[in-house]
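Novice:
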Amino acid sequence: MDERRVRFIETAMKLFAEKGYHATSIQDLVEAWGISKGAFYHHFASKEELLLEVLRYYSEKMVADFTASGGDGPEKERFIRQLAAHFSHIREYKDFLRMIMSEQLPKVNPEVERYMFRQHGRLFLWYCTRLTEVYGEAVGPYVYDVAMMINGIIRQYLFYFFFREEAFDADEAARFLMRRLDAIVASFTAEERPLLTEESFAPWVKMEEQERERQRERLASAFAAVREAVNDLDPKQASDVLEAIAALEEELLGRHAPPRAYIVEALLLYLRHQQTPQLAPALDALVKEMDEYQRQNGWEREVWKKR
């Protein structure tokens with residue numbers, strides 16, 4: 395995302411946090427940005443689209459901070475470091491969290507509601523994956539219940555730390571909650587039936603699968619548009635570009651494993667060197683779709699794994 399668009403999003407978020415989304419007008423936004431209303435609609439189709447961009451930008455930054463690898467060592471220590479990172483970033487996202495808490499954002503429009511629902515689901519499934527990696531088979535039958543409990547506990551502690559003025563030790567908080575989590579997992583008995591099962595979360599899983607399929611379809615359309623633009627090149631250059639496009643499409647859509655960043659970047663570098671006025675718009679559109687795909691799915695490894 396270019397720096398100007400990031401500045402627009404960051405300024406809009408601050409206005410939404412201070413005045414409220416519904417009370418902030420497009421006039422307020424363009425005055426803060428120093429642009430005209432016409433320029434606003436060049437960047438965003440509506441205030442609702444801007445809100446969705448704000449939600450995507452900040453919620454995905456927060457999730458990326460939270461779900462980072464956690465470094466080396468035993469899985470439990472890595473999970474503790476991930477929890478500590480989540481707590482330590484609370485001040486950085488204070489305005490964004492204020493915006494989330496003060497507005498009924500899912501009611502803005504169905505797309506915003508769908509996005510927020512999907513983000514909750516993706517984070518929940520990440521908890522399920524990490525709990526399985528930390529506790530192994532012992533948590534298997536109850537992983538959805540434990541994920542629901544730890545999700546709720548962490549959310550409430552985040553609210554507490556959000557409103558707390560004095561400093562706190564994020565690592566101490568994470569280790570405290572990890573001990574509680576150990577006790578929860580140990581409390582289950584072999585004959586106890588879980589309340590939640592995989593079927594309980596079918597809507598979230600289905601939404602994730604549908605969104606991935608929509609992304610793949612958009613990518614496929616963007617590749618088709620580049621191929622169409624290649625027809626305007628001379629035969630030798632067209633052949634080279636088509637070969638690179640085929641390799642890039644195979645890397646993104648044809649493999650069962652996540653795309654390999656070094657191959658994607660090398661092919662994109664080659665294509666940019668081949669860029670001509672005829673090819674530029676279609677290639678720019680493809681890169682935009684690839685950026686969205688990367689942001690949602692990652693390159694080197696699957697961040698959002700389903701059980």
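The sequence shown begins at 395 in our numbering and counts up one residue at a time. The beta carbon of each residue, even a glycine, is placed where N, CA and C say it ideally should be.
Below 8 Å on the Cβ atoms is my contact criterion, and I expect F402 with H437 to pass it. Report the Cβ-Cβ distance as a whole number of Å.
Specialist: 6 Å
Novice: Taking the alpha-carbon positions, what's the E382 to Y687 distance?
Specialist: The question about residue 382 has no answer here: the residues shown for the chain are numbered 395 through 701.
Novice: Would you mind sorting G515 into buried or exposed? The rule is 16 or more other CB atoms within 10 Å of its CB.
Specialist: Burial call: buried.
Novice: Closest to Q498 by C-alpha separation, out of H483, E643, A417, would be which residue?
Specialist: A417
Novice: Apart from the five residues on each side of it in sequence, which residues of its chain come closer than 8 Å, Cβ to Cβ, to L661?
Specialist: A638, A641, L642, E645
Novice: Let me know the secondary structure DSSP gives A561 once reduced to three states.
Specialist: coil
Novice: Mind reading off the beta-carbon distance from M493 to Y415? Whole number of angstroms is fine, and I expect it under 8 Å.
Specialist: 7 Å
Novice: Tell me whether R475 sits in a helix, a strand or coil according to DSSP, three-state version.
Specialist: helix
Novice: With DSSP run on the structure shown, which of helix, strand or coil describes F553?
Specialist: Helix, per DSSP.
Novice: When you compare the stretch 670-678 with the stretch 619-626, are there three or more beta-carbon pairs, one atom per stretch, that lie closer than 8 Å?
Specialist: yes
Novice: Skipping 5 residues on each side, what residues in its chain have a beta carbon closer than 6 Å to that of S453?
Specialist: Taking S453 as the centre and dropping the five residues before and after it, the same chain places the C-beta of Q513 closer than 6 Å to its C-beta, in chain order.
Novice: Only counting runs of 4 or more residues, tell me where the alpha helix (DSSP H) segments fall wholly within the stretch 652-676, in order along the chain.
Specialist: 655-667
Novice: To the nearest angstrom, report how far apart G530 and S581 are at their CA atoms.
Specialist: 15 Å
Novice: Nearest-angstrom Cα distance between L423 and V400?
Specialist: 14 Å
Novice: Taking 8 Å as the threshold (beta carbon to beta carbon), is F460 in contact with chain C?
Specialist: Absent from the structure: chain C. Only one protein chain is present.
Novice: Could you tell me the alpha carbon to alpha carbon distance between T526 and M407, rounded to whole angstroms?
Specialist: 36 Å
Novice: Between which residues of its own chain and L680 is the CB-CB distance below 6 Å, once the five residues before and five after are set aside?
Specialist: A616, V620
Novice: Can you tell me whether H480 is helix, strand or coil according to DSSP?
Specialist: helix
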